[in-house]
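If you count the sequence shown from 1, you need to add 1 to reach the numbering used here.
The block underneath contains the structure these notes are about, expressed in structure tokens.
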Amino acid sequence: MDGRAVIIGAGIGGLTAARVLSRRYAQVTVLDRDSLAGGGAPRRGVPQGGHGHILLLSGLRELAELFPGLADELVTRGASRFDVGTGLCNYRFGRRRISTPVGRDLTSMSRPLLEAVLRDRVAAEPAVTIRDGVAVTALTGTADAVTGVVLDTGETLAADVVVDCSGRGSRSDRWLAGLGLPAPRQLEVKVGVGYSTRCPVTRRASRRTPAVCPTRSWRT
Ligand SMILES: Cc1cc2nc3c(=O)[nH]c(=O)nc-3n(C[C@H](O)[C@H](O)[C@H](O)COP(=O)(O)OP(=O)(O)OC[C@H]3O[C@@H](n4cnc5c(N)ncnc54)[C@H](O)[C@@H]3O)c2cc1C
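Put into structure tokens, the structure is as follows:
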């Protein structure tokens, strides 16, 4: 193994990319502009982090290919596993749908928990360094190739490959244009879905601390 890889963003895309690239590159550096020391708290770069998360079956299966034993570790660290037919309350057109076991389990957890488990696994890879509190502000390179990234500290990191996993706010189209490289074609899928989530609060806790777990809403 040789060479250096730099990954922009330590979200789900960045952490899974780091896992894959650590098999090929001697040094893999994952950069995130957020502080990742917040324990179980949602962070600014992942505004959806306050919503409860569910991993669908195929998503969990793919992640477990990269991180063996992931499903059990998530449950050990606090995730819930439930039958999709009985563990979800489904309302459609105002009517509650009948609960029937379907024999398929889903795994639900907070987004900070999912990230923490993946991040701990990735950080344990000898090739990987995770740096938080640093934002990428530009790419370095020529009109032929990208050769690294510029950080908001003014530092430059050289890389043989740069992977942009900075999510929906990615600026790599502008960064590439700054190097005279064509921007990648963008595909936008309008979903048009809005929803709210709420953590379960026991009756006792809700009487005492009703605002402990506010409802969160999202509209795409
Ligand atoms: C409301 C909502 C609910 C969702 N619920 C689920 C769910 O239940 N289950 C599920 O599987 N998926 C869910 N998703 C989808 C899931 O959140 C996304 O698919 C996933 O977060 C995408 O991961 P990502 O790594 O591409 O980007 P992100 O998670 O957005 O991560 C991007 C990272 O890049 C960092 N970053 C950005 N710019 C820079 C920069 N310049 N320099 C350094 N770092 C930077 C950010 O701080 C962040 O950490 C939900 C999405 C939304 C919006």
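Cβ atoms here follow ideal geometry from the backbone N, Cα and C, with glycine treated the same way.
All figures in this text were calculated on a predicted structure; none of them were measured in a lab.
- Between R34 and the set L152, A144, V164, the nearest pair of CA atoms involves L152.
- In the three-state DSSP reduction, R25 falls in the coil class, being neither helix nor strand.
- Distance check between A6 and each of I13, V21, G12 places V21 closest, using alpha-carbon atoms only.
- When the alpha-carbon of V31 is set against those of R169, L107, D121, the nearest one is in D121.
- Just measuring C-alpha positions, the residue of D3, L119, R44, V162 sitting nearest L16 is L119.
- With a contact defined as Cβ atoms closer than 8 Å, V129 and A19 qualify at about 5 Å.
- For the options G12, D3, I13, I9, the alpha carbon positioned closest to that of R25 is the one of D3.
- Checking the DSSP bridge columns, you'll see A159 partnered with G149.
- Around the beta carbon of C166, a 10 Å sphere encloses 16 or more other beta carbons of the protein chains shown; the residue is thus reported as buried.
- In the three-state reduction of the DSSP assignment, V123 falls in the helix class, which pools H, G and I.
- Of T77, G79, I99, the smallest CA-CA separation from T87 is found for I99.
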